[in-house]
Structure formats: C-alpha cells, structure tokens
Amino acid sequence: MRASVGDRMVIRGHRIGEPNRDCEILEVRGADGGPPYLVRWGDSGHEALFFPGNDAFVEHYEHTS
Amino acid sequence: MRTIEMLHRSGVGVAPSQTIRAAAAIMEQAGVGSLAVVEGERLVGIVTDRDLVRRALARGLEGDARIDSVMTSPVITVEADDSLDVAYGLFATHGLRRLAVMRGDNFVGMLTIDDLLVALAEQLSSLARPITAEILFPHRDPAVPVAT
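So the sequences go chain by chain: A and B.
Taking my numbering, the leading residue of the first sequence gets 1, the next gets one more, and so forth.
Taking my numbering, the leading residue of the second sequence gets 1001, the next gets one more, and so forth.
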C-alpha cells in the first residue's frame, strides 16, 4: 500500500451495519509511501499510528504542491 | 496455504505516554477493540477495551493515566507469513481473542479470533455447498441396465 500526506484512509466496517471509518494521513513513516502512517481520526483530533490491513484502502487526492 | 497475511485486519498504534482517555477515544473513532502500544518502531504492549474496564475503570484510574500502566506486555505475536494453523494453536493455548501480527521486528496489524471464525465459516460453507445442492436437487445415476 502507498499513500501520501493528505490522503484519506478508509477502514471497512467489520460487522453488518457497522459504518466505515476514516482518517487523514498526516505523516508517512514507511519507505516509498508505505506504512505505518501517522493519522488523525475524524473530529476528535486524536492522532495514532495506522498499520493498514486487508480491511483498509486509500483514497488518493491530487496534491498541488 | 492460507496465511495470516491474507486475513489480518488493520492495526492502530499509540505511544506508551498516551493517556487512557485518548486511547479510548481512538478505539471508538477507529472502530477497534485493541491498540498496539509502540515506542518508536518497537511493539512494547497491547491494550484492549477489556483492559480499560478491568485495569483502569475498575481500579479508579484517572483518564489522564498513561496507557502503558494498563497494557499487557510482553505481547504474544504471530508472523504474517505463518499459516492459520499457527494462529489456531496460539488462540487455543493462550485463551486470547487477538494476536499482534508481525513482519520480522515490525508490527503490521491485528488478527482476531473473529477473523479466523469467519474464514472457517467460509471454508465450511464452500464444503457444504455441493452437499446442500445434492440434498435439494438429488441427482440419481441412471439405473444400471440388467443383462437379459
């Protein structure tokens, strides 16, 4: 998996009816855009390291800088 | 051979100095029941929602207590390239519900007993499908002709 700062990481719900979760990538800690990623969760502003598994995918955004 | 790499889910990591309150909020936001406690790149512990109840709330710890005060350490881990049989064995032996998945020295995610049960149910379902079809739509071989 590869991601860039500003991309959105989406984690699929694990149970029926459980919503997807998402977070914003603040830092890429791995080599060549790989994990782990420092992320910020939703509105809470809490930061954590994220290690994506098979339940996660990246939504890339165009970066102008 | 199915490996743990194919099944494990994402992992969420926090620093040992993270507060219990923040860790609980991250669990809620991320939709996970456990967090890896990582110092730099090194996995130093694991904390579950159950730990927050039993080791923090039940003992009257304040929300700003450090998460490493309630974590489990050392952590029982499994390699991402290991077969599912290895995970079955560890779950059965240690009575755990989650295992930290490693690739060498690096933490890469979590494997839950739910993940294994779902995989097992899928395997059983695919095994049962032809049998179910045979029961619902019996197919009889034509009778062997009798020599006269």
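We treat Cβ as the ideally placed atom computed from N, Cα and C, and that holds for glycine.
So that I know if they touch, is there some Cβ in chain A lying closer than 8 Å to that of B:Val1108?
yes
Nearest neighbour of B:Ala1030, chosen from B:Gly1045, B:Glu1134, B:Arg1009 [CA to CA]:
B:Arg1009
When you compare the CB of B:Gly1011 with every CB in chain A, is at least one pair closer than 8 Å?
yes
Is there contact here, the stretch 1066-1075 of chain B with the stretch 1040-1051 of chain B, by at least three beta-carbon pairs under 8 Å?
yes
Using a Cβ cut-off of 8 Å (strictly closer), state whether A:Asp32 contacts chain B.
no
For a quick check, are the C-beta atoms of B:Ile1004 and B:Asp1105 less than 8 Å apart?
no
To the nearest angstrom, how far is the alpha carbon of B:Val1118 from that of B:Ile1131?
20 Å
Name the two residues that bound the continuous beta strand (DSSP E) containing B:Ser1126.
Here B:Ser1126 belongs to no beta strand (DSSP E); instead the alpha helix (DSSP H) covers 1113-1136.
Coarse secondary structure for B:Val988, derived from DSSP in three states:
With chain B covering 1001 to 1148 only, the question about residue 988 of chain B has no answer from this structure.
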